[in-house]
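K.L.:
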Amino acid sequence: MHKLLVAFTLGIASFSTVQAQSNSELLVSLNSGIPQTQGVAMVLANQALAQKTTVRVLLCSDAGNLALKACESTPLKPSNKTPKEMLQGLIKTGAKVEVCALFLPNTNMSPSDLAEGIGVAKPAEIAGYLLQANVKTISF
């Protein structure tokens, strides 16, 4: 009977851990224009998606350039993919990607300059998102 109780308790604990992980969300705030920094942000976001985490990426400052159709970036080893290609992969696998509300007006760009699948963040929505208990943030 004791073994059965222990097994049941471990089963419930395992289910709770899996349930908590599947409800977690990650906001990746990327400001850096440095390709390696951009790359590691994309790699970690991709790994979070692979672990069934909802991922949202907020691009601002120099990193906002990744959102532009005309952006070119440097391929990184070992994958030989550019940060922009990694970002496009994130979008294809379900990540929500946005530029911060200040990016377009301060670069004389418009939403039509953004690559497909990238939107413009609304500050009130981002603030509300950040305040959710299940959202973790990472900044680069």
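Quick note: the numbering used here has the sequence shown finishing at residue 163, numbered continuously throughout.
All C-beta atoms, glycine included, are put in the ideal place defined by N, C-alpha and C.
Note that the coordinates shown come from a computational prediction; the quantities given were computed from them, not determined experimentally.
Are the beta-carbon atoms belonging to residue 90 and residue 149 less than 9 Å from one another?
P.N.:
Along the sequence shown, read from residue 1 onward, the residue named residue 90 stands at position 67. Along the sequence shown, read from residue 1 onward, the residue named residue 149 stands at position 126. In this structure, residue 149 does not lie closer than 9 Å to residue 90 by Cβ.
K.L.:
May I ask which residues mark the beginning and end of the beta strand (DSSP E) holding residue 159?
P.N.:
As a working note, residue 159 is residue 136 in the sequence shown. 158-162 is the span of the beta strand (DSSP E), which, as asked, contains residue 159.
K.L.:
For the stretch 112-121 and the stretch 75-82, state whether three or more C-beta atom pairs, one from each stretch, are separated by less than 8 Å.
P.N.:
yes
K.L.:
Which runs of the alpha helix (DSSP H) spanning at least 4 residues fall entirely within the stretch 74-135, listed in chain order?
P.N.:
As far as the stretch 74-135 is concerned, its whole alpha helix (DSSP H) runs of at least 4 residues are 106-115.
K.L.:
Under three-state DSSP, which class holds residue 148?
P.N.:
Locating residue 148 in the sequence shown gives position 125, counting from the first residue. Looking at residue 148 - three-state DSSP - the assignment turns out to be helix.
K.L.:
Using the Cα positions of residue 86 and residue 48, report the straight-line distance between them to the nearest angstrom.
P.N.:
Translated into the one-based positions of the sequence shown, residue 86 becomes position 63. Translated into the one-based positions of the sequence shown, residue 48 becomes position 25. Distance between the alpha carbons of residue 86 and residue 48 is about 21 Å.
K.L.:
Please name the residue, chosen from 71, 112, 129, 57, that lies closest to residue 51 on a Cα-to-Cα basis.
P.N.:
As a working note, residue 51 is residue 28 in the sequence shown. The shortest Cα separation from residue 51 among 71, 112, 129, 57 belongs to 71.
K.L.:
In chain order, what residues of the same chain lie with their CB nearer than 6 Å to the CB of residue 164, ignoring the 5 residues before and after it?
P.N.:
Because the chain spans 24 through 163 in this model, residue 164 falls outside it and cannot be assessed.
K.L.:
Return helix, strand or coil for residue 140, following the three-state DSSP convention.
P.N.:
Reading the sequence shown from its first residue, position 117 is the one you call residue 140. Coil at residue 140, not helix or strand.
K.L.:
Using the Cα positions of residue 137 and residue 92, report the straight-line distance between them to the nearest angstrom.
P.N.:
Taking the first residue of the sequence shown as position 1, residue 137 is located at position 114. Taking the first residue of the sequence shown as position 1, residue 92 is located at position 69. Their Cα atoms are separated by approximately 5 Å.
K.L.:
How far does the beta strand (DSSP E) with residue 154 in it reach, from first residue to last?
P.N.:
Taking the sequence shown and counting its residues from 1, the one referred to as residue 154 is at position 131. No beta strand (DSSP E) contains residue 154, which DSSP labels as neither H nor E.
K.L.:
I'd like the list of long-range same chain contacts for residue 159, defined as Cβ closer than 8 Å, with 5 residues on each side in sequence excluded.
P.N.:
Reading the sequence shown from its first residue, position 136 is the one you call residue 159. Excluding positions up to five away in sequence, the list reads 47, 48, 49, 50.
K.L.:
To the nearest angstrom, report how far apart residue 135 and residue 127 are at their CA atoms.
P.N.:
What you label residue 135 is simply residue 112 of the sequence shown in a count that begins at 1. What you label residue 127 is simply residue 104 of the sequence shown in a count that begins at 1. Roughly 10 Å between the two C-alpha positions.
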